[in-house]
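Q: Count the sequence shown with this note's numbering and you get residues 1071 to 1427, in order. For glycine and all other residues, C-beta sits at the position ideal for the given N, C-alpha and C.
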Amino acid sequence: MPSAAPSATQAGALEYLSLPAAARLIARVGVLECLRGVEQAIEADFRRWPEFSKTARLAQPTPDGVIELMPVADARHYAFKYVNGHPRNTRLGLPTVMAFGAIARVDTGAPVFLSELTLSTALRTAATSVMAARCLARPDSRVMALIGNGSQSEFQALGFVGLLGIRSLRLYDVDAAATRKLMRNLADVDVELRACASVAEAVQGADIVTTLTADKTRATVLQGELLRPGMHINAVGGDCPGKTELDAAILRRARVFVEFEPQTRIEGELQHAAPGSAVTELWRVLVGQAPGRRDAAEITLFDSVGFALEDYSAMRCLQALGRAHGLLESLALMPALRDPKDLYSLVREARAGTISA
Ligand code: NAD
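1. Between Asn1304, Ala1246 and Leu1164, which lies nearest to valine 1279 when the distance is taken from Cα to Cα?
2. Is the beta carbon of proline 1405 sitting closer than 9 Å to the one on leucine 1397?
3. Compute every distance between the C-beta of asparagine 1382 and the non-hydrogen atoms of the ligand NAD, then say whether any falls below 8 Å.
4. What's the call for alanine 1097, buried or exposed, on a 16-neighbour Cβ count within 10 Å?
5. Would you check if the stretch 1182 to 1191 and the stretch 1339 to 1349 touch, i.e. whether three or more CB-CB distances between them fall below 8 Å?
6. For alanine 1083, which option in Gly1235, Phe1183 and Ala1394 has the closest C-alpha, if you only look at C-alpha atoms?
7. Asparagine 1219: beta carbon under 8 Å from a heavy atom of the ligand NAD?
8. Is the number of C-beta pairs between the stretch 1250 to 1263 and the stretch 1120 to 1138 that are closer than 8 Å three or more?
9. My output table needs one value for valine 1269: the three-state DSSP class, helix, strand or coil.
10. Comparing C-alpha positions only, which one of Thr1334, Leu1379, Val1357 and Ala1272 sits nearest to valine 1349?
11. Per DSSP, glutamine 1130 is paired with what?
12. List the endpoints of the continuous beta strand (DSSP E) containing arginine 1240.
13. Determine the DSSP secondary structure at valine 1176, reduced to helix, strand or coil.
14. Are alanine 1270 and leucine 1297 close, meaning C-beta to C-beta below 9 Å?
15. Mind reading off the beta-carbon distance from proline 1240 to alanine 1276? Whole number of angstroms is fine, and I expect it under 8 Å.
16. For proline 1345, which residues does DSSP report across the bridge?
17. In whole angstroms, what separates the C-alpha of alanine 1509 from that of arginine 1386?
18. Verify whether the separation of the beta carbon atoms of glycine 1179 and valine 1167 is less than 9 Å.
19. Taking the beta strand (DSSP E) that phenylalanine 1150 falls in, what are its first and last residues?
20. Closer than 8 Å: is that where the CB of methionine 1242 sits relative to any heavy atom of the ligand NAD?
21. Using DSSP with H/G/I as helix, E/B as strand and the rest coil, what is methionine 1385?
22. Is the stretch 1369 to 1377 close to the stretch 1193 to 1200, with three or more CB pairs under 8 Å?
23. What is the DSSP secondary structure of methionine 1429, reduced to helix, strand or coil?
24. So what's glutamine 1080 in DSSP terms, helix, strand or just coil?
25. Quick one: which unbroken beta strand (DSSP E) runs of 3-plus residues sit fully inside the stretch 1253 to 1326? Chain order, please.
26. How many angstroms separate the CA atom of glutamate 1113 from the CA atom of arginine 1354?
27. Go through its chain and collect everything with a Cβ distance to glutamine 1389's Cβ below 8 Å, but skip five positions before and after it.
28. Taking the beta strand (DSSP E) that alanine 1215 belongs to, which residues open and close that run?
29. Helix, strand or coil: how does DSSP classify serine 1088 here?
30. Pick helix, strand or coil for valine 1417, following the three-state DSSP scheme.
31. If we call anything under 9 Å between Cβ atoms a contact, is lysine 1151 one with leucine 1164?
32. Label serine 1211 either buried or exposed according to how many other C-beta atoms from any shown protein chain fall within 10 Å of its C-beta, with 16 as the threshold for buried.
33. Grab me the residues of proline 1157's own chain with a C-beta within less than 7 Å of its C-beta, minus the 5 sequence neighbours each way, in chain order.
34. Consider the C-beta atom of alanine 1378 and the heavy atoms of the ligand NAD; say whether any pair is separated by less than 8 Å.
35. Could you pull out every residue in the same chain whose Cβ sits closer than 8 Å to the Cβ of arginine 1237, ignoring the five residues on either side in sequence?
36. If we call anything under 9 Å between Cβ atoms a contact, is alanine 1319 one with glycine 1338?
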């Protein structure tokens, strides 16, 4: 992987990764290699967690979903993501989740990179799940249940198969067409695929259970009685206030791991845990300050909601890859002025027909 470092381009221009360019990049590099690179970038940044200025994301609830702004900064860069979550969108022909974001220099405030983040979100969410499972799942895990077979599911499946050694996937979705789509997209992958008729059938014998559903309710997709000793739960779909997937009993039986506790308390499965219940932030496990899985019988839960730092890491990784593959465009979004106090010169030049394209 090339080193991931945003830099200033020529004055006024920033590097831009469009959605088609991101798709070409992922196709050329390979989903698995992208997941590997993004996971490495996220882990490197989580290991320097105290260097970042962090805040829970700013969520704007709407009648049919949520729109969120996710900022994060270190001494060099400020980054943000715009993302929505509208479970009913698929009925309108739109994805549930759509996103874009940017990185700016802290010293001047000049943006240096603008990116699509819909594909990148799927990569970074799966990469973060894999990173968590490395610390929390039993190393001999081979069977994963995948509940919810929509947009994110291929990325989670490929990450767990390619990077963690999962050999069998048990798939369940209330929409059988979503499961058929997932099976088609994974047809060339060396993994056993089984479409299941219920959550209980999918979870039977699973070492890891991934929940990836979209429903703007306090759903109980996974019942506590389905837990077995040694399971790891990768709960991804419950990620905003009033939207959860797990039976509250699971929160009492599992050791709970989160990205950024203040945000997960508001948005994650933790919404139905007792205030102040014990949780561990993942970065502490990565730097050796807290144990991950302690024994083969423990039940572990990664209460994933998605944190801004993961998007920053993914953006840097994909920016570097995009640059290496010649897939970044130059976007004239910021002013490049001969006299930095003469913004009006742009209007003069446009009138005279001399403004550069
Ligand atoms: P999607 O709408 O494409 O797919 C969701 C699937 O869940 C659909 O196929 C739907 O039929 C299925 N589903 C709904 N209720 C179900 C139930 N009770 N049992 C089984 N299946 C059910 O959405 P997506 O883009 O794949 O996202 C999935 C979820 O993950 C969303 O809730 C999204 O907000 C969330 N998400 C979380 C993160 C994170 O970082 N934690 C990142 C991205 C997306």
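A: Put simply:
1. Asn1304
2. no
3. Position check: residue 1382 holds tyrosine in this sequence, whereas asparagine was assumed. False, no ligand heavy atom lies under 8 Å from that Cβ.
4. exposed
5. no
6. Phe1183
7. yes
8. no
9. helix
10. Thr1334
11. Ile1137
12. 1238 to 1242
13. coil
14. no
15. First, the amino acid is wrong: residue 1240 is arginine here, not proline. Confirmed, about 6 Å.
16. Proline 1345 pairs with nothing; no bridge assigned.
17. The structure shown has nothing for residue 1509, since the chain only spans 1071 to 1427.
18. no
19. 1147 to 1155
20. According to the sequence provided, residue 1242 is tyrosine. The question's methionine does not apply to it. Yes, the beta carbon of tyrosine 1242 sits closer than 8 Å to at least one heavy atom of the ligand NAD.
21. helix
22. yes
23. Here the chain covers residues 1071 to 1427 and nothing more, so residue 1429 does not appear.
24. Per-residue confidence for glutamine 1080 stands at a pLDDT of 49, beneath the threshold of 50, marking its modelled position as unreliable; the derived number appears in the next sentence. Correct three-state label for glutamine 1080: coil.
25. 1262 to 1265, 1278 to 1281, 1288 to 1292, 1302 to 1305 and 1314 to 1316
26. 11 Å
27. Ala1074, Pro1076, Glu1085, Leu1087, Ile1173, Phe1183, Ser1185 and Leu1398
28. 1213 to 1217
29. coil
30. helix
31. no
32. buried
33. Gly1135, Thr1166, Ala1284, Asp1285 and Lys1286
34. no
35. Arg1212, Val1213, Val1231, Val1261 and Glu1262
36. no
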